[in-house]
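Asks: Pasting a structure here, questions to come.
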Amino acid sequence: MAGAGRRESRLEACFAEIRKERRTGLVTYVTAGDPNLERTPGVLAALARGGADVIELGIPFSDPLADGPVIQRASERALAAGTTLDRALDMLSAIRRDLSPPIVLFTYANPVLRMGAERFATRAAAAGVDGVLALDLPIEEAGPLRQTLSASGIDTIFLLSPTTSRARIERAAALGQGFLYGISRLGVTGARPALSADAAALAKRVREVTPMPLALGFGVSTPEHVAEIGRFADAAVVGSALVSVIAAAGASAELDGRVTEYVRWLSGRA
Numbered sequence: 679m680a681g682a683g684r685r686e687s688r689l690e691a692c693f694a695e696i697r698k699e700r701r702t703g704l705v706t707y708v709t710a711g712d713p714n715l716e717r718t719p720g721v722l723a724a725l726a727r728g729g730a731d732v733i734e735l736g737i738p739f740s741d742p743l744a745d746g747p748v749i750q751r752a753s754e755r756a757l758a759a760g761t762t763l764d765r766a767l768d769m770l771s772a773i774r775r776d777l778s779p780p781i782v783l784f785t786y787a788n789p790v791l792r793m794g795a796e797r798f799a800t801r802a803a804a805a806g807v808d809g810v811l812a813l814d815l816p817i818e819e820a821g822p823l824r825q826t827l828s829a830s831g832i833d834t835i836f837l838l839s840p841t842t843s844r845a846r847i848e849r850a851a852a853l854g855q856g857f858l859y860g861i862s863r864l865g866v867t868g869a870r871p872a873l874s875a876d877a878a879a880l881a882k883r884v885r886e887v888t889p890m891p892l893a894l895g896f897g898v899s900t901p902e903h904v905a906e907i908g909r910f911a912d913a914a915v916v917g918s919a920l921v922s923v924i925a926a927a928g929a930s931a932e933l934d935g936r937v938t939e940y941v942r943w944l945s946g947r948a
């Protein structure tokens, strides 16, 4: 939640509205530059039309640790098409005024460190980024980046897993802003036929520590999954299943329409 003396961020306002409306929020992940950077603005607009509450924009990276094969292939397509962090921020800067949902950059630490934390924060803020999740940056080492991002008005989002200790949940809640991102199972990303039983247990442990909004992902692919997550968390995160829709449509004329249709189906707004 917004701390004393700090203005409420767009992410915090978004989750406050979700809670006020007593519904399950939807966080949608796509990879910047998939199928190419020229089509990404249309994909982002399609997500917004479909009812996405928050858009996660993945920065393609050559050596992912947590991404399953679907998102790995998306990163490969994006990198082959010439997508870089610089170009992704340029693209977002050009279209941000036309997108209403908060934008979270989902990245590994290496692209950020290569650009330089201060330059990254400045460029991200200018592009209208609301939050950053550096997937492989340990919370114990995240303080300097968090401070730099916060100074630019950007929320730092932390990742929690079923094996995260209570002490580290407390640390994530103390340093985190916007929302906490929980993964419902160990392993890599990927759509599953059923949610892990660990999802509810993780949410319960988080709720015992903090009232911060919680979004849960890893395996979400149906409206039933979204509804189930809504029983114990604020929002569901869909990634691999949505990226699969993009992969199937490719660069065809049907791409944006299929993205909107899928997100509407997930959000119950079809």
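Residue numbers for the sequence shown follow the working numbering, so the first one is 679 and each next one is one higher. Where a beta carbon is used, it is the ideal one built from N, C-alpha and C, also for glycine. None of the values given here were measured: they were computed from a predicted structure.
(1) Taking only runs that begin and end inside the segment 820-902, name each unbroken beta strand (DSSP E) of 3 or more residues, in chain order.
(2) Taking Cβ to Cβ, would you say Thr702 is nearer than 8 Å to Ala913?
(3) Is the segment 799-810 close to the segment 758-776, with three or more CB pairs under 8 Å?
(4) Tell me whether the segment 892-901 and the segment 850-861 touch, counting them as touching only if at least three CB pairs, one residue from each stretch, are closer than 8 Å.
(5) I need the straight-line Cα distance from Ser918 to Ala925, nearest angstrom please.
(6) Quick one: residues in its chain with C-beta nearer than 6 Å to the C-beta of Val921, no 5 flanking neighbours on either side, listed in chain order?
(7) Counting along the chain, where does the beta strand (DSSP E) carrying Ala802 start and finish?
(8) On the criterion of 16 or more Cβ atoms from any shown chain inside 10 Å, does Pro889 qualify as buried, or is it exposed?
(9) Could you say if the segment 788-798 and the segment 705-725 meet the contact criterion of at least three C-beta pairs nearer than 8 Å?
(10) Got a sec? Which residues, its chain only, sit under 7 Å from Leu763 by beta carbon, not counting five neighbours each side?
(11) Where does the unbroken beta strand (DSSP E) through Ile781 begin, and where does it stop?
(12) Glu818: buried (16+ other C-beta within 10 angstroms of its C-beta) or exposed?
(13) For Val904, which of helix, strand or coil comes out of DSSP?
(14) In terms of residue numbering, what span does the beta strand (DSSP E) encompassing Leu704 cover?
(15) Leaving out five residues on either side along the sequence, give the residues of the same chain with a beta carbon under 6 Å from the beta carbon of Phe910.
(16) Just checking my contact of Gly729 with Val941 at CB under 8 Å: how many whole Å lie between their CB atoms?
(17) Compute the distance between the beta-carbons of Ile847 and Arg883, then report whether it is under 8 Å.
(18) Report the option in Thr826, Leu815, Leu783 whose CA atom is closest to the CA atom of Val705.
(19) Can you give me the Cβ contacts of Gly908 inside the same chain, cut-off strictly under 8 Å, excluding the 5 residues immediately before and after it?
(20) Could you tell me if Ala772 is buried or exposed, where buried requires 16 or more neighbouring beta carbons within 10 angstroms of its beta carbon?
(21) Going along the chain, which residues of its own chain have a beta-carbon closer than 8 Å to the beta-carbon of Ala929, five neighbours each way excluded?
Replies: Once the coordinates are examined:
(1) 858-861, 892-895
(2) Your numbering for residue 702 matches position 24 in the sequence shown. Your numbering for residue 913 matches position 235 in the sequence shown. Cβ distance < 8 Å, so Thr702 and Ala913 count as in contact.
(3) Yes: the two stretches touch, three or more of their Cβ pairs being nearer than 8 Å.
(4) yes
(5) Position 240 of the sequence shown, counted from the start, is the residue given in the question as residue 918. Position 247 of the sequence shown, counted from the start, is the residue given in the question as residue 925. Distance between the alpha carbons of Ser918 and Ala925: 10 Å.
(6) Taking the first residue of the sequence shown as position 1, residue 921 is located at position 243. Same-chain partners within the cutoff: Val748, Ile749, Ala752.
(7) One-based indexing of the sequence shown puts residue 802 at position 124. Ala802 -> not in any beta strand (DSSP E); alpha helix (DSSP H) instead, spanning 795-804.
(8) Here residue 889 refers to the residue found at position 211 when the sequence shown is read from its first residue. Result: exposed.
(9) Between the segment 788-798 and the segment 705-725, the count of C-beta pairs closer than 8 Å stays below three; the two stretches do not touch.
(10) Along the sequence shown, one-based indexing puts residue 763 at 85. Hits under 7 Å: Ile737, Pro789, Met793.
(11) Translated into the one-based positions of the sequence shown, residue 781 becomes position 103. Unbroken beta strand (DSSP E) run through Ile781: 781-785.
(12) Taking the sequence shown and counting its residues from 1, the one referred to as residue 818 is at position 140. Classification for Glu818: exposed.
(13) To locate residue 904, count along the sequence shown from 1; it is residue 226. Helix.
(14) For the purposes of this step, residue 704 is taken as the residue at position 26 of the sequence shown. Here the beta strand (DSSP E) through Leu704 covers 703-709.
(15) To locate residue 910, count along the sequence shown from 1; it is residue 232. Hits under 6 Å: Ala878, Ala881.
(16) Position 51 of the sequence shown, counted from the start, is the residue given in the question as residue 729. Position 263 of the sequence shown, counted from the start, is the residue given in the question as residue 941. Right, their Cβ atoms sit about 6 Å apart.
(17) Numbered from its first residue, the sequence shown carries residue 847 at position 169. Numbered from its first residue, the sequence shown carries residue 883 at position 205. Contact flag set, yes.
(18) In the sequence shown, the residue the question calls residue 705 occupies position 27. The shortest Cα separation from Val705 among Thr826, Leu815, Leu783 belongs to Leu783.
(19) Along the sequence shown, read from residue 1 onward, the residue named residue 908 stands at position 230. If we look at Gly908 and ignore the five residues flanking it on each side, its Cβ neighbours are Arg701, Thr702, Ala914.
(20) Residue 772 sits at position 94 when you count from the first residue of the sequence shown. Exposed is the call here.
(21) Along the sequence shown, one-based indexing puts residue 929 at 251. Cβ neighbours of Ala929 beyond the five flanking positions: Pro713, Asn714, Arg717.
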